[in-house]
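Chains as they are written, first to last, in the working numbering: chain H, 14 to 105; chain A, 14 to 105; chain G, 14 to 105; chain S, 14 to 105. Cβ atoms here follow ideal geometry from the backbone N, Cα and C, with glycine treated the same way. Here is the structure we will look at, set down as C-alpha cells.
Number of protein chains: 4
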Amino acid sequence: MSHTIRDKQKLLARVRRIRGQVEAVERALEHEAGCDEVMHLIAATRGAISGLMAEVVEEHVRTHLVDVERHPDALNHEAVEQLLDVVRTYLK
Amino acid sequence: MSHTIRDKQKLLARVRRIRGQVEAVERALEHEAGCDEVMHLIAATRGAISGLMAEVVEEHVRTHLVDVERHPDALNHEAVEQLLDVVRTYLK
Amino acid sequence: MSHTIRDKQKLLARVRRIRGQVEAVERALEHEAGCDEVMHLIAATRGAISGLMAEVVEEHVRTHLVDVERHPDALNHEAVEQLLDVVRTYLK
Amino acid sequence: MSHTIRDKQKLLARVRRIRGQVEAVERALEHEAGCDEVMHLIAATRGAISGLMAEVVEEHVRTHLVDVERHPDALNHEAVEQLLDVVRTYLK
C-alpha cells in the first residue's frame, strides 16, 4: 500500500485548499485586481504547493525507502530527521 | 490600467491550465496513484505556478515601475532585461 | 557610476563573510565532521549568497532601472516596493 | 564512517572551486565591475552550492538512512531514486 493512499484524506483536503487558492488567483484576474494582490495570491499558492510536496516527500521517506514489515529496525531515524530538515528548508 | 488587466486573457488561460494540473493531482490521489506519479504531478504544478509568477512580475516591471505615458524615455531597457534574467532564473 | 561601486564596501564585507562560510565548509570536510553539520553549514552559506543576491538586485532596481538625475520623478516607488517584496520572498 | 569522509576528496575539490567562485565575486566588486557581471557571478556561485548540497544529500541518503552492513537488503533503491529525483529538481 502506498503512503499516498494511507494519507489519502489528509492530502486530498490539502490539494483541495490549493485548488481554492488557484481559483482565487483566477477570480482576482477576472475582477481586474491590482497586480500587487495577484502577486501575493500566486506566492501563497506556490507556498502551499511546496508544503504539499514536502509532506508527500516526507511520507515517501518514512514509508517507502525501507519495507518496515520486512526490515523493522533498518531505518536510521536520526538520519531520516536530518534529511527531512534539509527537504523542508528547500521546499519552503 | 493595470498590466494584469491588459494581459488578462493570456494570464487567465495560464491560470486555468494550472487549475487543471491541480485537479490532476487531486485525481491521482483519489485513484491511489503511486507516490512517484504524485510527486511528478506536484513538481509540474509548482513549475507552472513559478512560470505564472515570472510572467506577472515581468509585466509589472515593464508597465508599472515607470508611467510610460508621462516618462516615455525613463526606463533603461538594458537594466530591465538584466533584472528579468535574474527573476526568470530564480522563478524556474 | 554603478550601484555595485557605490555600495562597494558594504557588499565586499558581505562577500568576505560568505568566503569565511565556504572555508568553514572546507574545514568541516577536512576534519571529517558529521554530514549533519556539513549540511547545515552548506545551507547557511546558500542562504547568505541568496541574501547577497537580493541586496545586489535591490540596488540594481533602485539605481539602474531609471537614471534618476535625468528623470528624478519617473520611478514609481510603490511599484518598486511591491517588486522587491517578491524578489526577497524568492531569494530567501 | 561518515559518507562525507568517504567522499572527502571529491567534496573538498568541489568546495574549493566554490571558494574560487566567491573570490571571483569579491574581485568583481573590488574592480568595480558592472552589476550585470556581479549578478551572473553570484548566480553561478549559488548554483554551485546547490549542486554541492544535492551531492551531500545524495550520499547521506545512500549511506546513512540504512546501515548497509547490518541490513544489506533493506533499502528500496527504486524509492531512493524517486526521492533523489525530487531533491535534484529542488536543489538546482
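{"query": "For the 8 Å Cβ check, are there 3 or more pairs between the stretch 50-65 of chain H and the stretch 59-73 of chain A?", "result": "yes"}
{"query": "Please go through the same chain and pick out, in chain order, the residues whose beta-carbon is closer than 6 Å to the beta-carbon of Leu104 (chain H), but skip the five residues on each side of it.", "result": "Ser63, Met66, Ala67"}
{"query": "For Leu88 (chain A), decide whether its Cβ has a neighbour in chain H, counting only Cβ atoms nearer than 8 Å.", "result": "no"}
{"query": "To which residues does DSSP link Val79 (chain S) through a beta bridge?", "result": "H:Leu88"}
{"query": "With a threshold of 16 other CB atoms inside 10 Å of the CB of His90 (chain A), please say whether the residue is buried or exposed.", "result": "exposed"}
{"query": "Quick one: grab the DSSP three-state call for Leu104 (chain A).", "result": "coil"}
{"query": "List the residues of chain H whose Cβ lies closer than 7 Å to the Cβ of Leu109 (chain S), in chain order.", "result": "Because chain S here runs from 14 to 105, residue 109 (chain S) falls outside it and cannot be looked at."}
{"query": "What does a CB cutoff of less than 8 Å around Glu50 (chain H) pick up in its chain, not counting 5 residues either side in sequence?", "result": "Ala41"}
{"query": "Can you tell me whether Arg83 (chain G) is buried or exposed? The criterion is at least 16 other CB atoms within 10 Å of its CB, across all chains shown.", "result": "exposed"}
{"query": "Count the CB pairs spanning the stretch 25-45 of chain A and the stretch 90-102 of chain G that are closer than 8 Å, and state whether there are at least three.", "result": "no"}
{"query": "Would you say Met14 (chain H) faces chain S, with C-beta separation under 8 Å as the test?", "result": "With a pLDDT of 47 at Met14 (chain H), under the threshold of 50, the modelled position of this residue cannot be trusted, and the question is left open."}
{"query": "Buried or exposed: Ala26 (chain S), going by 16 or more other Cβ atoms within 10 Å of its Cβ?", "result": "exposed"}
{"query": "If contact means a Cβ-Cβ distance below 8 Å, which residues of the stretch 39-65 of chain G contact chain H?", "result": "Cys48, Asp49, Met52, Ala56"}
{"query": "When the cut-off is 8 Å and only beta carbons count, does Arg30 (chain H) lie next to chain A?", "result": "no"}
{"query": "Buried or exposed, going by whether 16 or more other CB atoms sit within 10 Å of the CB of Pro59 (chain S)?", "result": "It should be pointed out that residue 59 (chain S) corresponds to Arg in this sequence rather than to Pro. Per the 10 Å Cβ criterion, buried."}
{"query": "Is the separation between the beta-carbon of Val28 (chain S) and that of Val28 (chain G) shorter than 8 Å?", "result": "no"}
{"query": "Can the beta-carbon of Asp87 (chain A) be found closer than 8 Å to that of Val100 (chain G)?", "result": "The sequence as given places Ala at residue 87 (chain A); Asp does not occur at that position. For Ala87 (chain A) and Val100 (chain G), no; Cβs fall outside 8 Å."}
{"query": "To the nearest whole angstrom, what separates the beta carbons of Leu96 (chain S) and Val74 (chain H), a pair I think is in contact under 8 Å?", "result": "6 Å"}
{"query": "For the alpha helix (DSSP H) that contains Ala41 (chain H), what are its first and last residues?", "result": "21-43"}
{"query": "Cβ of Arg32 (chain H) within 8 Å of Cβ of Arg30 (chain A)?", "result": "no"}
{"query": "Leaving out the 5 sequence neighbours to the left and right, which residues in its chain are closer than 7 Å to Met14 (chain H) when beta-carbon positions are compared?", "result": "For Met14 (chain H), the predicted model reports a pLDDT of 47, less than 50, meaning its position is unreliable; a value from the coordinates is still stated below. Answer for Met14 (chain H): no residue qualifies."}
{"query": "Looking only at its chain, what residues have a beta carbon closer than 6 Å to the beta carbon of Glu71 (chain S), apart from the 5 residues adjacent to it on each side?", "result": "Leu97"}
{"query": "If you run the structure through DSSP and keep just helix, strand and coil, what is Gly60 (chain G)?", "result": "helix"}
{"query": "Should Gln34 (chain H) be flagged as near chain G, meaning a C-beta pair shorter than 8 Å?", "result": "no"}
{"query": "In whole angstroms, give me the CA-to-CA distance for His77 (chain H) and Lys21 (chain S).", "result": "29 Å"}
{"query": "Suppose the cutoff is 8 Å on Cβ atoms and the five residues either side in sequence are ignored; what does the same chain contact list for Leu24 (chain S) look like?", "result": "Thr17, Leu65, Glu68, Val69"}
{"query": "Are any of the Cβ atoms in chain A nearer than 8 Å to that of Leu96 (chain H)?", "result": "no"}
{"query": "With 8 Å as the limit, tell me which residues of the stretch 65-82 of chain A have their beta carbon closer than that to any beta carbon of chain H; keep them in chain order.", "result": "Leu65, Met66, Val69, Val70, Glu72, His73, His77"}
{"query": "Strictly under 8 Å for the Cβ-Cβ distance: is Val100 (chain S) near chain A by that measure?", "result": "no"}
{"query": "Applying a beta-carbon distance threshold of less than 8 Å, which residues of chain D neighbour Ala92 (chain G)?", "result": "The chain inventory of the structure shown lacks chain D, comprising the protein chains H, A, G and S."}
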